[in-house]
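Residue numbers (our numbering): 58 to 152.
Each residue gets a CB set at the ideal place from its N, CA and C atoms; glycine is no exception.
These numbers come from a predicted model, not from an experiment.
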Amino acid sequence: MDNPLQHYTADMVYKSRVKYPYVRKSYLENPDNPKPELRRKDEFVRVSYDEAVKLIAKELKKTRDRKAQVRFLVEAMAGNQVEICKTHASCFIDF
């Protein structure tokens with residue numbers, strides 16, 4: 058039996074998609090002072106995937122520290138997706 062989920066990836070690839078990680082210039086200059094007033098106004102700067110992951114991890118750690126026991130799993134997730142999420146998030150979140 059044909060699985061319709063096998064054919065959806067072609068719909069996800071289009072010319073206008075963002076191919077690389079970008080960060081707001083002012084945020085990159087000082088992540089501790091993100092200047093939310095510059096959202097939608099500030100230019101974006103391309104960063105490496107390693108830098109993007111480091112920035113994301115830093116923000117998640119700040120959130121964890123601020124909120125104590127923050128849970129990042131969505132109840133709607135099922136099966137392997139939850140395990141994958143736990144595996145990748147375990148470096149900065151206690152499950």
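**Request:** Starting from Tyr79, trace the beta strand (DSSP E) both ways and give me its first and last residue.
**Result:** In the DSSP assignment, Tyr79 falls within the beta strand (DSSP E) that extends over Tyr79 to Arg81.
**Item:** CB-CB length for Leu85 against Val104, believed under 8 Å
**Value:** Yes, Leu85 and Val104 are in contact; Cβ-Cβ is about 7 Å, under 8 Å.
**Prompt:** Mind checking whether Val80 and Phe101 have CB atoms under 8 Å apart?
**Reply:** For the pair Val80 and Phe101, the CB atoms are nearer than the 8 Å cut-off.
**Item:** Option in Ser73, Lys115 and Pro61 with minimal Cα separation from Asn87
**Value:** Minimum Cα distance to Asn87 is reached at Lys115.
**Message:** On a Cα-Cα basis, can you pick out the residue from Leu112, Ser83 and Lys76 that is closest to Asn95?
**Reply:** Checking the sequence shown, residue 95 turns out to be Leu, not Asn. Put simply, of Leu112, Ser83 and Lys76 the residue whose alpha carbon is nearest the alpha carbon of Leu95 is Ser83.
**Request:** Select from Asp107, Asp122 and Asp99 the residue whose C-alpha is nearest the C-alpha of Tyr77.
**Result:** Here the closest residue by C-alpha is Asp107.
**Item:** First through last residue of the beta strand (DSSP E) which encompasses Val102
**Value:** Boundaries of the beta strand (DSSP E) harbouring Val102: Phe101 to Arg103, taken from the DSSP string.
**Message:** If distances are taken between C-alpha atoms only, which option among Arg97, Asp89 and Asn60 comes closest to Ile113?
**Reply:** With distances taken between Cα atoms, Ile113 lies closest to Asp89.
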